[in-house]
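Heads up, the thing below is written out as structure tokens.
Chains as they are written, first to last, in this note's numbering: chain A, 523 to 831; chain B, 24 to 534.
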């Protein structure tokens, strides 16, 4: 939290534009995709797992949504054509994400594949499916209604910010107030003790990976909508930004410890940093170096603080 | 054995040592003498400061007040390596070995022998390792990976590692907590050999009985202060306990008769197939019955199938378990833990840190973990009811916590165990299974747990206690089952049972 405030003060002193309303909304809109994915990533990491496939799932879900919206489903030999409404396409994209997430959870719990490996495989599978679906070309021209989701405003606030805020709030309630949330922390904290207390480990893990997949799907819709185009290479490397946000937010990679609001701060730090470095005209090469050091610094500070306690 | 040793000077002296952790004193003006060629038992309840003291002596904690003298000269070790170089070596309670490396590689870790090219000289290391192992009566090749050894053998390797350093002062922290009787004998033989070579040994253990067997001297700590020291000979167990806890425990536990006529649990032909060997049974055809208010003790040697009986009843291995389990006259199909909880069974497992608690969670969350359904509505946890639940049980069990929000990691062993018990009491069980409920718990907390078990029985709960400590089983049980090699070899009632009868049944072999 302190790091974030210091960064904001420093940037507002260094650049006139940083605190302007346009720039503030711009930052918020930019980080909303990472925010949405990182909520799912937080839940997964809290169980002691990891999800490397979110970037690819995001791409496939975006492409499926765009494809359904633009082309519908055509069965030439049956002389049948089904068109989809916007809502139908959105549901379709989210379901694809959910299904792939479910599949991650299924392989992890049923065949005891380590999460790192299972989701690494899914990273490749989903990317390949995206290429197959799009033929390697972007799907563009999706209409104004679709574009509204990623670029529109509602009550003076950008749509993506609404969406990510709703998801964040739901996740805060989920983790703090519900049985499922409690079970997630218990499994990450000590799976054996959780099992001996009667918790349904497999079911809970599958639900968590499905949520992560669904949120990656929603992330895909946001990206596609903002660009008015589904890019086959969308979401490349997003899993790393997402893990970074979770870790900067103080969530332990070994599970059982961390919060959604921590991740929100992590995502904000990365977002503000990206934006600030652009405003200050730092070269893109240096941006990456600086970003890496900030991640290290944030985690070192976190470790230091927790030792003090 | 005593001979002229008494006249000798102590090799290691601790003088007025104090140590505080962020303002709280863990040790205050502690004095201790360790003599060459003798075993000094360091005795005290959990949290008395034994481990802290040993960590200061062996260089794990370099900052402290007061002095540590080695051979009359002041020393201040900066780390365990420096202490080791001067001959002060500690063998930790938790094994500090690497499972996938070989015995020899573990022994020489950090002190590897290299040849002129700077490469590892395996023949030389294996040769030395072999000599060491044979001294310890371990007939295993030094190239064997450590994870293929039993825990007791691993403990011996840890000891071999200490021998390799040619130690003058050897500190052993609970060396027998995980090894079999045979290996304990071996360990004592080695300790006696070391003594005759003039090595000074500081020996920490909870098992007073074995201390009388192996130790020459004692030093008692209570609440971070020295309570007294002297020769073991001529000192009684009761005297030591009194020094440790500051009160006489002898009559603190009174067994009440609480058995009723109604059966709460009946187990018929319980079988538990060994998952690794289908022809073998971990529990072989065990039947018994438990009445309301009865405390049933189960004993037997390690590996006799005690824990497995509890796990089989609790539904942890449904694929391999058969038999008929009846609760309150109704037959129950228990296929997983949830079925067991629904049927009214609770299990306080053997290892509370690994199986019982989520250590980084707080007391309230651990307490409610198995009964969340009761305090939740539509998946939402009612946090007021959760706090109330936790408060109710901390008061009832006299658990010492600063608040329900305290993480259980920071509690003492006894209080941790009470949280695990509270978790199961919150499910309102009819039958409570307790596996080694007082392992690693200090004497004061032990008697509180006995009292609690008795109280629960008097309220009509059926209770099964598995324990390796025979005096414990004899003190609290109404009836006792003895297992040997997966089979039930004796059912004894309180009047008949004695340590001799139980041991005889426990050693009985298959016909």
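Think of the CB as a built atom: it goes at the ideal place given N, C-alpha and C, for glycine as much as any other residue.
No experiment lies behind these values; they were computed from the predicted model shown.
**Selected residue, minimal CA-CA separation from residue 698 of chain A, among B:64, B:377, B:402 and B:220** = It is B:402.
**Asked** Could you give the C-beta distance for residue 282 of chain B and residue 232 of chain B, rounded to a whole number, given that I count them as a contact under 8 Å?
**Response** Wrong, their Cβ atoms sit about 30 Å apart, outside the cutoff.
**Asked** At a Cβ threshold of 8 Å, is residue 712 of chain A touching chain B?
**Response** Yes, its Cβ sits closer than 8 Å to a Cβ of chain B.
**Item:** Those residues which DSSP pairs with residue 401 of chain B across a bridge
**Value:** Residue pairing from DSSP leaves residue 401 of chain B without any beta-bridge partner.
**Request:** Any chance you could list the alpha helix (DSSP H) runs of at least 4 consecutive residues sitting entirely within the region 84-140 of chain B, in chain order?
**Result:** At a cut-off of 4 residues, the continuous stretches assigned as alpha helix (DSSP H) that sit fully inside the region 84-140 of chain B are 103-108 and 126-130.
**Item:** Spatially closest choice to residue 651 of chain A from A:731, A:637, A:582 and A:788, by CA coordinates
**Value:** From the listed residues A:731, A:637, A:582 and A:788, the smallest Cα separation to residue 651 of chain A is found for A:582.
**Message:** Output needed for residue 712 of chain A: all residues of its chain with C-beta closer than 8 Å, excluding positions within five of it in sequence on either side, in chain order.
**Reply:** Around residue 712 of chain A: 778.
**Request:** Pick helix, strand or coil for residue 796 of chain A, following the three-state DSSP scheme.
**Result:** Note: residue 796 of chain A maps to helix in three-state DSSP.
**Message:** So, for residue 443 of chain B: in the same chain, excluding its five sequence neighbours on each side, which residues have a beta-carbon less than 7 Å away from its beta-carbon?
**Reply:** Here the set comprises 371, 375, 379 and 380.
**Request:** Taking C-beta pairs closer than 9 Å, name the residues in chain B that residue 701 of chain A reaches, listed in chain order.
**Result:** Under the 9 Å cutoff, chain B gives 395, 396, 399, 402, 403 and 404.
**Euclidean distance between Cα positions of residue 217 of chain B and residue 507 of chain B** = About 35 Å.
**Request:** Could you work out which residues of chain A lie near residue 361 of chain B, taking near to mean beta carbons separated by less than 8 Å?
**Result:** Listed along chain A are 720 and 722, each with a C-beta nearer than 8 Å to that of residue 361 of chain B.
**Request:** Below 8 Å on the Cβ atoms is my guess for residue 570 of chain A versus residue 710 of chain A; work out the distance and round it to an integer in Å.
**Result:** Contact between residue 570 of chain A and residue 710 of chain A is confirmed by a C-beta separation of about 4 Å, below the 8 Å threshold.
**Prompt:** With C-beta atoms as the reference, is residue 737 of chain A less than 8 Å away from residue 689 of chain A?
**Reply:** Between residue 737 of chain A and residue 689 of chain A, the C-beta gap is smaller than 8 Å, which places the two residues in contact.
**Message:** Within the continuous beta strand (DSSP E) that includes residue 226 of chain B, where are the two ends?
**Reply:** Residues 223-227.
**Item:** Within-8 Å CB hit, residue 392 of chain B to chain A
**Value:** True, the Cβ-Cβ gap to chain A drops below 8 Å.
**Prompt:** From the beta carbon of residue 383 of chain B, is the nearest beta carbon of chain A less than 8 Å away?
**Reply:** Residue 383 of chain B counts as touching chain A.
**Completely contained beta strand (DSSP E) runs for the region 479-524 of chain B, where each covers 3 or more residues** = Qualifying beta strand (DSSP E) stretches, in chain order: 485-489, 502-507 and 510-516.
**Local conformation of residue 32 of chain B per DSSP, three classes** = In the three-state reduction of the DSSP assignment, residue 32 of chain B falls in the coil class, being assigned neither a helical nor a strand state.
**Asked** Counting along the chain, where does the beta strand (DSSP E) carrying residue 251 of chain B start and finish?
**Response** Taken as a continuous stretch (DSSP letters only), the beta strand (DSSP E) holding residue 251 of chain B covers 248-254.
**Prompt:** Shortest alpha-carbon distance to residue 177 of chain B belongs to which of B:191, B:161, B:521 and B:192?
**Reply:** When only C-alpha atoms are compared, the closest one is B:161.
**Prompt:** How would you call residue 141 of chain B, buried or exposed, if buried means at least 16 neighbouring beta carbons within 10 angstroms?
**Reply:** It counts as exposed.
**Prompt:** By how many angstroms is the C-alpha of residue 349 of chain B removed from the C-alpha of residue 64 of chain B?
**Reply:** About 48 Å.
**Message:** When you compare the CB of residue 379 of chain B with every CB in chain A, is at least one pair closer than 8 Å?
**Reply:** Output row for residue 379 of chain B: interface = yes.
**Request:** Along the alpha helix (DSSP H) that carries residue 704 of chain A, what are the first and last residues, could you check?
**Result:** First-last of the alpha helix (DSSP H) with residue 704 of chain A: 701-711.
**Asked** Between which two residues does the beta strand (DSSP E) containing residue 370 of chain B stretch?
**Response** Residues 368-371.
**Message:** residue 89 of chain B and residue 38 of chain B - do their beta-carbons sit closer together than 8 Å?
**Reply:** Yes; because the gap between Cβ atoms is below 8 Å, this pair is in contact.
**Asked** Between which two residues does the beta strand (DSSP E) harbouring residue 575 of chain A extend?
**Response** Run containing residue 575 of chain A: none; DSSP gives neither H nor E here.
**Request:** Specify, as a first and last residue, the run of the beta strand (DSSP E) that residue 313 of chain B falls within.
**Result:** Element bounds for residue 313 of chain B: 300-314.
**Request:** May I ask you to report which of helix, strand or coil DSSP gives residue 474 of chain A?
**Result:** There is simply no residue 474 of chain A to check, as chain A begins at 523 and stops at 831 in what is shown.
**Prompt:** Which whole-angstrom value describes the C-beta separation of residue 509 of chain B and residue 292 of chain B, a residue pair presumed to lie in contact below a C-beta threshold of 8 Å?
**Reply:** Between residue 509 of chain B and residue 292 of chain B, the beta carbon gap of about 13 Å keeps them out of contact (Cβ cut-off 8 Å).
**Which of helix, strand or coil DSSP assigns to residue 291 of chain B** = Of the three classes helix, strand and coil, the one that applies to residue 291 of chain B here is strand, per DSSP.
**Alpha carbon of residue 100 of chain B to alpha carbon of residue 81 of chain B, nearest angstrom** = About 7 Å.
**Prompt:** Given that residue 779 of chain A touches chain B, what residues does it touch there, using C-beta distances under 7 Å?
**Reply:** Contacts between residue 779 of chain A and chain B, judged by CB atoms closer than 7 Å, involve 383 in chain order.
**Message:** Going by C-alpha to C-alpha distance, which of B:295, B:253 and B:317 sits closest to residue 479 of chain B?
**Reply:** With distances taken between Cα atoms, residue 479 of chain B lies closest to B:317.
**Request:** Use the C-beta contact count for residue 534 of chain B: other C-beta atoms within 10 angstroms, 16 or more gives buried, fewer gives exposed.
**Result:** With a pLDDT of 43 at residue 534 of chain B, under the threshold of 50, the modelled position of that residue is not reliable, and no figure is offered here.
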